[in-house]
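K.L.:
Have a look at the structure that comes next, please.
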Amino acid sequence: MLNARNKSTNLIGIFLLSVVALLIFQYIIVMLLEVQNLNAGLEDGKQILNDLNIKIGSGEIHALMGPNGAGKSSLGNTLMGNPVYQIKGGKILFKDTDITEYSTDKRARLGMFMSFQSPLEVPGISLEAFIRASIQQKTGEHVKLFQFQKELKRCMELLDMNPEYAKRDLNVGFSGGERKKAEILQLLMLKPDFAILDETDSGLDVDAVRFVAKGIAEYRKMTNGSLLIITHTTKILEGLPIDYTHVLVKGHIVKTGDGELFHQINEKGFEEFVK
Ligand SMILES: Nc1ncnc2c1ncn2[C@@H]1O[C@H](COP(=O)(O)OP(=O)(O)OP(=O)(O)O)[C@@H](O)[C@H]1O
Ligand SMILES: [Mg+2]
Numbered sequence: 263m264l265n266a267r268n269k270s271t272n273l274i275g276i277f278l279l280s281v282v283a284l285l286i287f288q289y290i291i292v293m294l295l296e297v298q299n300l301n302a303g304l305e306d307g308k309q310i311l312n313d314l315n316i317k318i319g320s321g322e323i324h325a326l327m328g329p330n331g332a333g334k335s336s337l338g339n340t341l342m343g344n345p346v347y348q349i350k351g352g353k354i355l356f357k358d359t360d361i362t363e364y365s366t367d368k369r370a371r372l373g374m375f376m377s378f379q380s381p382l383e384v385p386g387i388s389l390e391a392f393i394r395a396s397i398q399q400k401t402g403e404h405v406k407l408f409q410f411q412k413e414l415k416r417c418m419e420l421l422d423m424n425p426e427y428a429k430r431d432l433n434v435g436f437s438g439g440e441r442k443k444a445e446i447l448q449l450l451m452l453k454p455d456f457a458i459l460d461e462t463d464s465g466l467d468v469d470a471v472r473f474v475a476k477g478i479a480e481y482r483k484m485t486n487g488s489l490l491i492i493t494h495t496t497k498i499l500e501g502l503p504i505d506y507t508h509v510l511v512k513g514h515i516v517k518t519g520d521g522e523l524f525h526q527i528n529e530k531g532f533e534e535f536v537k
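For the sequence shown, the positions run 263 to 537 when this note's numbering is used.
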């Protein structure tokens with residue numbers, strides 16, 4: 263009788279331990295990015311991000327909204343380690359590693375990527391050479407030219423890009439829309455685990471938005487990577503399941519909701535959050 267009771271106590275103990283182990287395991291595997299109490303600003307002392315917290319799991323899509331000047335691009339830049347934005351407090355964890363002090367290239371090697379709101383012209387390096395060098399730097403392996411060019415051609419076709427752009431200097435003389443497509447081309451070729459898309463849809467005509475959205479869907483199909491999408495419109499998100507929507511006001515996340523919140527804000531604006 264006593265033996266049977268001991269046995270069942272042991273079984274319950276083992277069960278509870280397994281549940282705890284499973285929860286810890288799930289947390290480590292599922293949580294990709296965790297930003298804790300982040301405070302950041304400029305060298306001159308201007309504070310932009312205030313006590314900001316955000317958690318992004320593997321395969322999740324998060325939308326980040328907020329009025330102009332709220333700090334959305336600054337958050338993206340700070341996450342990517344742009345030295346203009348100085349971290350004054352808090353932590354950034356990526357893949358369970360504290361990357362708060364990491365340089366941008368180290369973050370990119372770990373699997374982070376950002377598509378810029380205003381991509382810069384880089385004379386002297388072609389779009390193709392830039393992407394190939396980035397992949398080589400990221401993986402540390404030689405990228406075979408034939409396979410690379412085949413994949414580049416496929417991705418450019420998918421984005422409805424003229425193949426001649428591969429040979430042109432990065433963004434030099436590109437129109438606003440062409441630059442945004444070049445950013446998504448880099449996303450498709452680099453296949454990061456986590457991508458921040460900063461207003462990739464702004465300045466695009468109706469057809470270009472459709473191709474960019476197709477590119478994002480292809481990225482998800484290939485990698486199931488996580489996304490933080492900064493946008494003011496729904497167009498780019500069509501067909502993408504949004505897991506969470508965050509509202510950023512004055513450098514602080516004032517509200518987090520599901521995909522429905524995104525559509526609500528799109529209809530009613532930010533008024534109720536900006537007080
Ligand atoms: N490098 C910088 N130098 C000076 N001020 C900056 C810099 N970066 C950001 N700021 C300031 O910080 C605030 C937040 O800017 P940020 O570009 O992050 O806003 P945003 O939410 O992305 O706005 P938008 O929707 O217009 O793109 C603004 O007041 C901006 O002027
Ligand atoms: Mg911005």
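The C-beta atom is built at its ideal place from N, Cα and C for all residues, glycine as well.
Quickly, what does DSSP pair residue 219 with across the bridge? List them, please.
P.N.:
As shown, the chain starts at 263 and ends at 537. That puts residue 219 outside it, with no answer to give.
K.L.:
Reducing DSSP to helix, strand and coil, say where residue 272 ends up.
P.N.:
Note: residue 272 maps to helix in three-state DSSP.
K.L.:
Ignore the nearest five residues each way along the sequence and tell me which others in residue 300's own chain have a CB closer than 6 Å to its CB.
P.N.:
Excluding residues within five positions, the ones whose Cβ falls inside 6 Å are 311, 314 and 352.
K.L.:
Per DSSP, what are the beta-bridge partners of residue 297 in this structure?
P.N.:
In the DSSP output, where bridge partners are listed per residue, residue 297 has 316 and 354.
K.L.:
Check whether the Cβ of residue 388 sits closer than 7 Å to any heavy atom of ligand 2, and report yes or no.
P.N.:
No, the Cβ of residue 388 stays beyond 7 Å of every heavy atom of ligand 2.
K.L.:
By the 10 Å Cβ neighbour count, where 16 or more other Cβ atoms means buried, how is residue 408 classified, buried or exposed?
P.N.:
Exposed is the call here.
K.L.:
Apart from the five residues just before and just after residue 322, which ones in its own chain have a Cβ nearer than 6 Å to its Cβ?
P.N.:
Closer than 6 Å at Cβ, skipping near neighbours: 488 and 505.
K.L.:
Would you call the stretch 391–398 in contact with the stretch 354–361, where contact means no fewer than 3 C-beta pairs closer than 8 Å?
P.N.:
Output reads no: the stretch 354–361 does not touch the stretch 391–398.
K.L.:
Rounded C-beta distance between residue 383 and residue 433? I'm assuming under 8 Å.
P.N.:
Yes, residue 383 and residue 433 are in contact; Cβ-Cβ is about 5 Å, under 8 Å.
K.L.:
By Cβ distance below 8 Å, which residues in the same chain neighbour residue 476 in space, the five residues on each side in sequence not counted?
P.N.:
Cβ within range, chain order: 420 and 421.
K.L.:
Return the CA-CA distance between residue 337 and residue 492, expressed in angstroms with no decimal places.
P.N.:
About 10 Å.
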